[in-house]
Amino acid sequence: MKKVMDDLDYVVLYAEKLKKNKDLFEQQKRLVEDQIKASSSLFKNSFGKDFKKGARKYLKEVGLTN
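Those letters in the sequence shown? Residues 9 to 74, per this note's numbering, in order.
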């Protein structure tokens, strides 16, 4: 009987594939770095230079924090 994979099994499988395939690793690394840059730009544009303060204010306004 074949074992059903859970979330951790998929994480281990993905990590093994990244370890074996340097090109795949580099591609995924660039993807993550680009996402970080895009998120940073979005937050700075949405909330100004002090985006932590602006984000906290916004979260309070929409009722997600007290």
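A virtual CB, placed ideally from N, CA and C, is assigned to each residue, including glycine. These numbers come from a predicted model, not from an experiment.
Could you tell me the distance, in whole angstroms, from the CA atom of K37 to the CA atom of S48?
17 Å
Coarse secondary structure for L72, derived from DSSP in three states
coil
For the alpha helix (DSSP H) containing D31, name the first residue and the last one.
K30 to F55
Helix, strand or coil for V12, going by three-state DSSP, please let me know.
Residue state, collapsed to three classes: coil.
Sequence-distant residues of its chain with Cβ nearer than 6 Å to L67 (five each side left out):
T73
For K52, which residues of its own chain have a beta-carbon under 7 Å away from its beta-carbon, when the five flanking residues on both sides are left out?
F59
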